[in-house]
Amino acid sequence: MSFKTASEGYVRYQGLGNWAFVLHRLTGLGVILFLIIHVLDTAAVYFIPSLYVDAVALYRSPVFGLGEILLVLSIIYHGLNGLRVIYFDMINPDMWTIEINRKSVIWTWVITLVLWLPAAVVMGSHILEHLGG
Amino acid sequence: MTTQTKRVEVPQGWEAFAWKWMRYSGVLIFILAWIHVLIQDILVGVYQIDTSYVAARWNGGFWRVYDFLLLFFAFSHGMNGTRQVLADYIHSEGGRRALNWILLILWAIVVVVGTITIFAFTPPAG
Numbered sequence: 206m207s208f209k210t211a212s213e214g215y216v217r218y219q220g221l222g223n224w225a226f227v228l229h230r231l232t233g234l235g236v237i238l239f240l241i242i243h244v245l246d247t248a249a250v251y252f253i254p255s256l257y258v259d260a261v262a263l264y265r266s267p268v269f270g271l272g273e274i275l276l277v278l279s280i281i282y283h284g285l286n287g288l289r290v291i292y293f294d295m296i297n298p299d300m301w302t303i304e305i306n307r308k309s310v311i312w313t314w315v316i317t318l319v320l321w322l323p324a325a326v327v328m329g330s331h332i333l334e335h336l337g338g
Numbered sequence: 132m133t134t135q136t137k138r139v140e141v142p143q144g145w146e147a148f149a150w151k152w153m154r155y156s157g158v159l160i161f162i163l164a165w166i167h168v169l170i171q172d173i174l175v176g177v178y179q180i181d182t183s184y185v186a187a188r189w190n191g192g193f194w195r196v197y198d199f200l201l202l203f204f205a206f207s208h209g210m211n212g213t214r215q216v217l218a219d220y221i222h223s224e225g226g227r228r229a230l231n232w233i234l235l236i237l238w239a240i241v242v243v244v245g246t247i248t249i250f251a252f253t254p255p256a257g
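Taken in order, these protein sequences are the chains called A and B. FYI, this note's numbering numbers position 131 of the first sequence as 336, with every residue one higher than the one before it. FYI, this note's numbering numbers position 9 of the second sequence as 140, with every residue one higher than the one before it.
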């Protein structure tokens with residue numbers, strides 16, 4: 206089975222619960238990719254101190270700043286959706302119905318955006334303050 | 132629309148352990164990672180982070196232990212998650228075994244490198 210057929214399978218089995226599942230995986234993979242890079246760049250502070258200065262300079266560029274805002278969105282969503290899944294799986298499995306699942310996914314996104322927007326404003330204003338040096 | 136749910140017996144083994152691990156570690160990481168992101172990304176921000184910031188932060192033991200726990204649990208959670216995602220696209224026994232070994236080695240390298248950094252770091256002189 207190729208990735209293409211597998212992803213088509215995901216898309217065909219529609220429903221908000223499935224989109225929550227797909228986004229949980231995508232945000233998780235995005236965060237772990239960043240985490241590998243982040244552990245290694247932080248390791249530079251001990252192993253190659255001069256490289257750490259370069260790494261931080263790269264993180265201060267506007268493109269990485271925007272990436273950081275998306276990273277925070279991924280972490281907020283993955284965390285909240287994860288708690289939702291944990292609650293359903295471990296505490297109240299009877300809530301695994303299409304209707305409750307659908308509503309809880311909507312609420313997960315409402316809370317995600319309410320928490321993310323102020324964070325994005327703060328981080329975005331930091332980027333703007335430091336534009337051009 | 133009504134749905135029928137059914138409870139099934141799941142065989143206890145490594146995969147069941149891994150499934151539970153994702154949930155238990157997830158609760159812990161939710162706390163550790165969110166506080167980390169709130170402080171480092173939002174309140175402090177990358178423009179104030181440099182070598183002397185790291186030195187001040189790792190001056191005592193508390194944040195070193197905190198960062199080690201975050202590293203260990205978040206990275207283990209993420210590597211196992213990666214394994215679970217990729218295993219859905221790899222269907223051969225040998226392919227999955229290779230995947231497990233590659234991710235285990237990557238996991239060990241990053242955790243060891245990160246742990247050395249957290250506990251061996253000393254502020255540069257001057």
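Using N, Cα and C, we set each Cβ at its ideal position, and we do this for glycine too. What you are looking at is a predicted structure, and each value in this text was computed from that prediction instead of being measured.
| Query | Result |
| --- | --- |
| Name the residue from A:D246, A:L278 and A:I242 whose alpha carbon lies nearest to the alpha carbon of A:V319. | A:L278 |
| Along chain C, in chain order, which residues have C-beta atoms closer than 9 Å to that of A:P267? | Of the protein chains in this structure, namely A and B, none is chain C. |
| 7 Å is my cut-off, CB to CB: does B:L197 come that close to chain A? | Before going further, note that residue 197 of chain B is Tyr rather than Leu in the sequence given. No, because no Cβ of chain A sits closer than 7 Å to the Cβ of B:Y197. |
| Please name the residue, chosen from B:V139, B:F161, B:L230 and B:F206, that lies closest to A:F239 on a Cα-to-Cα basis. | B:F206 |
| What are the residues of the segment 232-261 of chain A that lie near chain B, defined by any Cβ-Cβ distance shorter than 8 Å? | G233, L234, V236, I237, L240, I241, V244, L245, T247, A248, V250, Y251, F252, P254, Y257, V258 and V261 |
| Once you ignore the five residues that flank B:L234 on each side, which residues in its own chain have a CB closer than 7 Å to its CB? | M210, T213 and R214 |
| DSSP three-state call for B:P139: helix, strand or coil? | The question names Pro, yet the displayed sequence has Val at residue 139 of chain B. In the structure shown, B:V139 sits in coil (DSSP, three-state: anything other than H, G, I, E or B). |
| At what residues does the alpha helix (DSSP H) containing A:T313 begin and finish? | I303 to E334 |
| Assign B:S223 to one of three DSSP states: helix, strand, or coil. | coil |
| Any Cβ of chain A within less than 7 Å of the Cβ of B:A251? | yes |
| May I ask which residues mark the beginning and end of the alpha helix (DSSP H) holding A:R289? | P267 to I291 |
| Residues in the same chain with beta-carbon distance under 8 Å from B:V242, minus the five sequence neighbours each way, listed in chain order, please. | L202, F203, F206 and S207 |
| Excluding the 5 residues preceding and the 5 following B:A186 in the sequence, name in chain order all residues of the same chain whose CB lies nearer than 6 Å to its CB. | P254 |
| Using 8 Å as the threshold, is the segment 319-337 of chain A in touch with the segment 292-308 of chain A, meaning 3 or more CB pairs across them? | no |
| The alpha helix (DSSP H) that contains A:Y251, what's its start and end? | L221 to F252 |
| Taking Cβ positions only, does B:F161 come closer than 7 Å to chain A? | yes |
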